[in-house]
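Protein chains in written order, with the numbering used here: chain B, 9 to 195; chain Z, 9 to 195.
Even for Gly, the Cβ is constructed at its ideal location relative to N, Cα and C.
These numbers come from a predicted model, not from an experiment.
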DNA sequence: TATAATTTTTGACCAATGTCAAAAAACGAA
DNA sequence: TTCGTTTTTTGACATTGGTCAAAAATTATA
């Protein structure tokens, strides 16, 4: 559990009391490749911290699987839309590798948010960070060419290309697998 | 100031004490069309609540002005990236109409976040809502055709088309003005 | 290993959308 | 109203990237 807390405290330091409370809530989960954390249509009631491994969120569009996001070491993972709103998820969450995760339920988190201002702050700060991340992806998606998107990925998150099948990467970038393959062959 | 608080309390109800503290911080601003709230390169130190009017955030890309977002009545408006990180903004914020705004500085907000758990919660909830909004725009940007994007806009936010020049709408959708014009003529 | 299943690459073709330039329309100020 | 500016539309053309199908390469399994 050390690792979990050292990562959490990168966002915001916590008192002993808050850490204890969190400790009581987070449950360790170990799952193997290809298992699912969530299927579309289900309400996502868990927030996960990914200690080790790789995960993807994907949804179906015209019969194709579109990768919405990847999660790697030290990412918080959930279907944010479903977790926040309580609506059924449009996305599936599936393991790309065997993973070690820490899980907390929305109910538990809600209680902690009531009890601890500092946890409320932690969550607020996490949202800030994730908002900014998403904004960057959005701007890229709107105006970069397929080649630029690939170059970006190579520079900023090369581990994605090393750990994830190409088809999943292509839809993550918003391009076809064939186009991604052709771009790659130019390098 | 009634209006401001009734909108804020749509996100999260506040105690009298928290409201008073907020009241002391929010300053009313009235500006006219085409004035700027922020120029690229400046650090955005203010968060605005837009009571009346219309605003856009835009940045420059290859000599073109790209509309990043629109703000209308009851939106919170800032350069989120710059406001959160303290980095110089890449975007400009400009009034599309005369506006009535309420302004609070980052410093003031930071103090309130320290003093009031409930304001921390308010902000956390605002981020949740804005995160989800952005996620929807992102998914659209990645996989919808120009025509679908226009139809979406017509259905979900028709006021944008009524209040904003077409060029600004086109870059907001991530398509060229000419394409938007052609699509429009089909309706 | 050998075989099957999956993933990636390649080729041919096509549709959607961008670009540039000019005309038309709408808007604003004198 | 009229003139000048800005915005929107239209036309011709180029280009990016998508689609479908098949081959090649890689990976998994018996």
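Interface residue (Cβ-Cβ distance to chain Z less than 8 angstroms): residue 151 of chain B is classified as such. Chain order gives the chain Z residues near residue 74 of chain B as 147, 150, 151, where near means a beta carbon separation below 9 angstroms. Along the stretch 58-94 of chain B, the beta strand (DSSP E) occurs as fully enclosed runs of 3 or more residues at 63-69, 72-79, listed in sequence order. For residue 160 of chain Z, the uninterrupted alpha helix (DSSP H) segment begins and ends at 154-164. Here the stretch 107-121 of chain B lies against the stretch 16-35 of chain B, with 3 or more beta-carbon pairs under 8 angstroms apart. A residue is called buried when at least 16 other Cβ atoms come within 10 angstroms of its Cβ; residue 129 of chain Z meets this threshold and is buried. Look at residue 131 of chain B: its C-beta is under 8 angstroms from a C-beta on chain Z. Judged by beta-carbon spacing, residue 182 of chain B lies beyond the 8 angstroms limit of residue 102 of chain Z, meaning their Cβ atoms are not closer than that value. The DSSP-derived three-state label of residue 16 of chain B is helix. In the DSSP assignment, residue 101 of chain Z falls within the beta strand (DSSP E) that extends over 100-103.
Among the residues facing chain Z, residue 34 of chain B is not included, as its CB has no counterpart in that chain under 8 angstroms away. Comparing C-alpha distances from residue 53 of chain Z to each of Z:177, Z:95, Z:39, Z:68 shows the shortest one belongs to Z:95. Around the C-beta of residue 144 of chain Z, fewer than 16 other C-beta atoms lie within 10 Å, and the residue is accordingly described as exposed. Contact of residue 140 of chain B with chain Z by beta-carbon distance below 8 angstroms involves 88, 89, 92, 93.
At the C-beta level, residue 142 of chain Z and residue 142 of chain B come within 8 angstroms of one another. The Cβ neighbour count for residue 178 of chain B, taken over all protein chains shown within 10 Å, is at least 16; the residue is labelled buried.
Apart from the 5 residues on each side of it in sequence, residue 46 of chain Z sits with its Cβ closer than 7 angstroms to the Cβ of 52, 87, 97, 100, 101 in its chain, given in chain order. Residue burial annotation: residue 193 of chain B is exposed, with fewer than 16 other C-beta atoms found within 10 angstroms of its C-beta. Taking 8 angstroms as the cut-off, the Cβ atoms of residue 58 of chain B and residue 79 of chain B count as close. For the stretch 29-58 of chain Z, the full-length beta strand (DSSP E) segments reaching 3 residues or more read 35-39, 44-46 along the chain. Judged by beta-carbon spacing, residue 20 of chain B lies beyond the 8 angstroms limit of residue 136 of chain B, meaning their Cβ atoms are not closer than that value. For residue 111 of chain Z, the enclosing beta strand (DSSP E) has its first and last residue at 107-113. A distance below 7 angstroms between beta-carbons, with the five flanking residues on each side excluded, links residue 131 of chain Z to the following residues of its chain, in chain order: 121. Out of Z:10, Z:68, Z:26, the CA that lies nearest to the CA of residue 116 of chain Z is found in Z:26.
Per DSSP, residue 173 of chain Z has no beta-bridge partner at all.
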